[in-house]
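**Student:**
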Amino acid sequence: METHNLELKTYYLKLNPLYMELRTVNVTRYITPLREGGSLPALAEADDGFKYVLKFRGAGHGTRALIADLIGAEIARLLGLRVPELVFLMLDESFGQTEGDEEIQDLLQGSRGKNLGLHYLSGAVTFDPVVNHVDAETASRVVWLDAFIMNIDRTVKNTNMLIWHKELWLIDHGSSLYFHYNWEDWEQKTASPFANIRDHVLLPYAGTLEETDQWAKTRITPGKIEQIVQLIPDDWLNTEETQTPEEMRTVYREFLT
Numbered sequence: 103m104e105t106h107n108l109e110l111k112t113y114y115l116k117l118n119p120l121y122m123e124l125r126t127v128n129v130t131r132y133i134t135p136l137r138e139g140g141s142l143p144a145l146a147e148a149d150d151g152f153k154y155v156l157k158f159r160g161a162g163h164g165t166r167a168l169i170a171d172l173i174g175a176e177i178a179r180l181l182g183l184r185v186p187e188l189v190f191l192m193l194d195e196s197f198g199q200t201e202g203d204e205e206i207q208d209l210l211q212g213s214r215g216k217n218l219g220l221h222y223l224s225g226a227v228t229f230d231p232v233v234n235h236v237d238a239e240t241a242s243r244v245v246w247l248d249a250f251i252m253n254i255d256r257t258v259k260n261t262n263m264l265i266w267h268k269e270l271w272l273i274d275h276g277s278s279l280y281f282h283y284n285w286e287d288w289e290q291k292t293a294s295p296f297a298n299i300r301d302h303v304l305l306p307y308a309g310t311l312e313e314t315d316q317w318a319k320t321r322i323t324p325g326k327i328e329q330i331v332q333l334i335p336d337d338w339l340n341t342e343e344t345q346t347p348e349e350m351r352t353v354y355r356e357f358l359t
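Count the sequence shown with this note's numbering and you get residues 103 to 359, in order.
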């Protein structure tokens, strides 16, 4: 019971919108792949004694998916929504050398360095809109969030939400902010309606969207956006693009603002 209470206390601390910092921990044990994810995330243990869902920089969408996951989760916290604690997970050169599965071996070896981890919510179950009730205010905040960050992956087929200790938790925002796969039209995307919101699993329950819109704009300030964008590691932005890391941060900052 004491461990359970400590775990909950830690999470509610992370919900504090004034908390803008990610810890860095080291992966000590690769436990198992989570094959339900298209990019082969894994369950891993770190040197702080906790288990994490490890999102790999070497997966199909590379560090872009990690950036979207980081930004989406931090904005969700600003809106008072529950997300697992995010950490930077360091993967050293020893990982992948003894892995029997060739695909996983390549993934581990291609992900050395700084990856993204989400605290593993042991015992959590997948959100089911038929079974689990969500109040109108919470549903409206989640729908508003996903429209804002252009999240295409919160549908009936794949809700990317969990129920943990009878509360709703959001996971996996890696499919958001897809403009960053084509930098040239990012300004056009800022003015385009997000049509995919019609497929959102919580849209039928989002009865306070207008009120939520006004409230959310007071929470997501340029200063908060700046803090979130500054969390992105430089080496996640060092790609084949012609922009410098700071120029790319400017695009994220301006898009969100």
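Don't be surprised by glycine CBs; every beta carbon is placed ideally from N, CA and C.
#1: Tell me the DSSP bridge mates of residue 227?
#2: Residue 261: buried (16+ other C-beta within 10 angstroms of its C-beta) or exposed?
#3: Going by alpha carbons, who is nearest to residue 422 out of 177, 268, 354?
#4: Can you tell me which of 303, 148, 132 puts its alpha carbon nearest to the alpha carbon of residue 75?
#5: Any chance the region 234–245 sits against the region 211–219, with 3 or more Cβ pairs inside 8 Å?
#6: Starting from residue 292, trace the alpha helix (DSSP H) in both directions and tell me its first and last residue.
#7: Taking the CB atoms as reference points, tell me whether residue 191 and residue 129 lie closer together than 8 Å.
#8: At the level of alpha carbons, what is the spacing between residue 351 and residue 302?
#9: Which residues in the same chain have their Cβ closer than 7 Å to the Cβ of residue 152, if we skip the five residues on either side of it in sequence?
#10: Taking contact to mean at least 3 C-beta pairs separated by less than 8 Å, is the region 291–302 in contact with the region 244–260?
#11: Does the ligand ZN have even one heavy atom less than 7 Å from the beta-carbon of residue 283?
#12: Please report the straight-line C-alpha distance between residue 234 and residue 150, rounded to a whole angstrom.
#13: Between 278, 305, 207, 311, which lies nearest to residue 357 when the distance is taken from Cα to Cα?
#14: Only counting runs of 3 or more residues, tell me where the beta strand (DSSP E) segments fall wholly within the region 294–335, in order along the chain.
#15: Quick check: residue 157 and residue 219, are their CB atoms within less than 8 Å of each other?
#16: What does the Cβ neighbour count give for residue 267, buried or exposed, with the cut at 16 atoms within 10 Å?
**Tutor:** Taking the structure as given:
#1: Counted from its first residue, the sequence shown places residue 227 at position 125. According to DSSP, residue 227 bridges with 265.
#2: By 1-based counting over the sequence shown, the position of residue 261 is 159. Classified as buried, residue 261 has 16 or more neighbouring CB atoms from the shown chains inside 10 Å of its CB.
#3: Past the boundaries of the shown model lies residue 422; the chain is included only from 103 to 359, so the question cannot be answered.
#4: Outside the displayed range of the chain (103 to 359) lies residue 75, so it cannot be described from this structure.
#5: Output reads no: the region 211–219 does not touch the region 234–245.
#6: Here residue 292 is taken as the residue at index 190 of the sequence shown, counted from 1. From DSSP, the alpha helix (DSSP H) with residue 292 extends over 288–292.
#7: Residue numbering aside, residue 191 sits at position 89 when the sequence shown is read from its first letter. Residue numbering aside, residue 129 sits at position 27 when the sequence shown is read from its first letter. Contact flag set, yes.
#8: Within the sequence shown, numbered from 1, the residue matching residue 351 stands at position 249. Within the sequence shown, numbered from 1, the residue matching residue 302 stands at position 200. Taking the straight line joining both Cα atoms gives about 28 Å.
#9: Here residue 152 corresponds to residue number 50 of the sequence shown, with the count starting at 1. Closer than 7 Å at the Cβ level, and outside the excluded window around residue 152, lie 221.
#10: yes
#11: Looking at this structure, you won't find the ligand ZN or any other ligand, since it has none at all.
#12: Here residue 234 refers to the residue found at position 132 when the sequence shown is read from its first residue. Here residue 150 refers to the residue found at position 48 when the sequence shown is read from its first residue. Separation of residue 234 and residue 150 (C-alpha to C-alpha, rounded to the nearest whole angstrom) is 33 Å.
#13: As a first step, residue 357 must be located in the sequence shown, where it is residue number 255. Of 278, 305, 207, 311, the residue nearest in Cα terms is 278.
#14: none
#15: Here the question's residue 157 lines up with position 55 in the sequence shown. Here the question's residue 219 lines up with position 117 in the sequence shown. Contact: yes.
#16: Against the sequence shown, residue 267 aligns to sequence position 165. Exposed: under 16 other Cβ atoms inside 10 Å.
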